Amino acid sequence: MATAGAVGRGMRRGLAVVALGVSVVLLAACSAGSGGGATVEAIGSHTDPRMPAAVATQLQAVLANAVKLSGATGGVAGVWAPWAGTWTTATGTVSNEKGAPAVVADASFRIGSLTKPLSCTVLLDLAAAHKVGLEDEVSKYLPRMVGINGLRLGDLCRNTSGLGDYWASLTPQLVTNPTRPWEALELVNSAMGSSGATSAAAKWEYSNAGFVLLGMALQAATNTSWSQLYATYVTAPLGIADTTTYPSSGKLPSPTMSTYAPDRNVVTGALDCKVTDDESRLSPSALQQAGGIVSNLDDTASLAHAVAAGTLLRSKTDAAEQQKAAPMSASMPSWAGYGLGVEKMGPLIGHASAVPGTLTAAYSDPASGLTVVIMVNDSGPGANFARLAALQLASIGSKAPARAGQKAPNISLPWSASQLAQVLPHEAGCNAAKGALTNAGLKAIAAIQPSY
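Adding 792 to a residue's 1-based position in the sequence shown gives its number in the working numbering.
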């Protein structure tokens, strides 16, 4: 089994190692079951086939439009299509200061809720090693904690535990006072104040607090810190060096960008689009196992691809369990669902995120290897904006022509780039287009949640 080495950098160098067209998934099958510290099959090579110029121009326009609509000063994006080539880029400046330097493609950023698939990957690998069970009650590992009876580990990842969330009530404080430290128990207790714990039969309800509680339980079960759990089950197997839990100071590794968010009224939570807050030193304690990972473009692509292909899990059964998606709401498209810490958008697996100052989204198709990542440094529009921009990149990338010796896959996406182009302006937060969407399909796309 080959060592991954620098698989993050390998993503940008291309996925040309896939010699049989769209057979990336075969590599995944060879390396499945390698979680828990072993290395996984490398998916990149030292070659660097570039995306055809005409496709790259379309992709560049998506990123430029996302930066403009969001009010960001800059952003990064990438598309990896094994049969066609690779496109990575950065645009704009690192801050809103006059004369600020240009963004670079390897800038570090908060991946926010893309942390959730990784937290649930750790859970699945621990369960496969018989250290915990998906059906175990949280109280087994946190016996002195009150109010958690009936909550099960797997349901925390599925967002079906019935535990409420702290995000809506605390976001104004996070935006206006980003450096304020938070204790995990404080966050969970805040969520319990919004709705109590219920049985595993609870309806789907997005809960960042559930992932924080998951982190508390798994650390107690293993007597191991989360930074070490991530290293053991995620970053070491992938051989990536630029993905970490972020420092307590909130200062991200250089090179990076300043990050911004519209001010919020601390009482009502309402946006004040006339005031912009600097979120560059956002405390990681507010995010924890729900969103506390820092990465860069190449590493994020590798993470998204590994989650989709199941290479970090011990069996195909575990991968299928993680990707078994349930509907989030009747108002959303039938192709949008949620599994164990992952969003399933049509055939794509990944997640979108909005943490104060940063919008990020990354998705990958396990069958073809198509992988997309986008990040902008203003969180005003919310997670669905990043999600739709990423899906627009996927739509364009899926149609990239095959280079010599390769065969383009038939990727059936239940949306089009033109549909997403119509919806994005209506999801642009402070810069949102006036008027309502009238087409039912477009309204359903705009209704996709979760919002963080």
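Quick reminder that beta carbons are idealized off the backbone N, C-alpha and C, glycines included.
For clarity, every value in this text was computed on a predicted model and none was experimentally measured.
Could you name the residues that DSSP lists as bridge partners for residue i?
i	result
W872	T878, T1163
M1120	None; M1120 has no bridge partner.
A902	According to the sequence displayed, residue 902 carries Arg and not Ala. R902 pairs with V1086.
S1145	T1152
K1136	G1129, I1141
Y1052	D1070, D1170
G866	G884
R842	T878
T1037	I1085
D1064	D1055
Provide the residue span of the alpha helix (DSSP H) that contains residue i, from first to last.
i	result
R1179	1175-1190
K890	No alpha helix (DSSP H) contains K890, which DSSP labels as neither H nor E.
T1109	1108-1115
W996	Per DSSP, W996 belongs to no alpha helix (DSSP H) and is neither H nor E.
A757	Nothing about residue 757 can be reported from this structure: the residues present for the chain run from 793 to 1244 only.
I1237	1232-1238
A1209	1209-1215
S1019	1018-1022
CA-CA distance, residue i and residue j?
i	j	result
W1207	A1213	11 Å
I755	G1133	In this structure the chain extends from 793 to 1244, so residue 755 is not present and cannot be described.
I903	S1145	7 Å
A735	I1188	For residue 735 there is no data in the structure shown, the boundaries of the chain being 793 and 1244.
V736	L1185	Because the chain is modelled from 793 through 1244, residue 736 falls outside the range shown and cannot be assessed.
R972	G1042	10 Å
A1220	Q1211	15 Å
A920	N969	40 Å
K908	G1197	37 Å
G825	K1108	Note that G825 scores a pLDDT of 48, beneath 50, so its modelled location is shaky and nothing firm can be said.
V832	N1223	With a pLDDT of only 39 at V832, under 50, the local geometry of the prediction cannot be trusted, and no value is derived from it.
L966	D1157	34 Å
K995	A1118	10 Å
S1072	L1180	24 Å
L962	V868	28 Å
D1064	L1105	44 Å
T880	T1152	15 Å
S1077	G1083	10 Å
N1231	A882	33 Å
Y1155	I1141	5 Å
L1205	P1125	12 Å
G836	D1090	At G836, the pLDDT of 43 sits below 50, so the modelled position is not reliable; the number obtained from the coordinates is stated separately. Approximately 11 Å between the Cα atoms of the pair.
V1067	G1174	17 Å
S1243	A976	21 Å
H1143	L1183	11 Å
Out of the options, which has the shortest C-alpha to C-alpha gap to residue i?
i	options	result
S1050	S1019, P893, W875	P893
Q1080	N1057, F1003, L861	F1003
L910	P1029, A1232, V1168	P1029
H1097	S1171, A897, E927, S1160	S1160
A845	L855, G867, G877	G877
V914	L1183, A1209, Q1011, A1224	Q1011
K923	V930, T1014, N981, L1105	T1014
L916	G1102, G1129, V1165	G1102
S1164	L851, R842, P841	The identity of residue 1164 in the sequence shown is Val, whereas the question assumes Ser. For V1164, the nearest C-alpha among the options comes from L851.
P874	Y958, T865, L1162	L1162
T1027	A994, S999, T1060, V1086	V1086
W974	L1074, T883, V1067	L1074
P1139	P1148, A1128, G1149	A1128
V930	A1117, G1172, A1182, L1005	L1005
M1167	L855, P841, R842, D1034	L855
A899	V886, S905, L906, K890	V886
G946	K1116, P1173, L1205	K1116
R842	L1229, V1215, P1201, A1192	A1192
A863	A1009, G1149, A1200, P935	This sequence places Gly at residue 863; Ala is not what is there. Checking every option, the nearest Cα to that of G863 belongs to G1149.
Quick check on residue i - is its C-beta less than 7 Å from some C-beta in chain B?
i	result
I1085	Of the protein chains in this structure there is only one, and it is not chain B.
Is any heavy atom of the ligand SAM found at a distance shorter than 6 Å from the C-beta of residue i?
i	result
I1237	This structure lacks the ligand SAM; in fact it carries no ligand of any kind.
(message) What ranges does the alpha helix (DSSP H) occupy inside the region 904-976, keeping only unbroken runs of at least 4 residues that lie completely in it?
(response) 907-920, 945-950, 959-968
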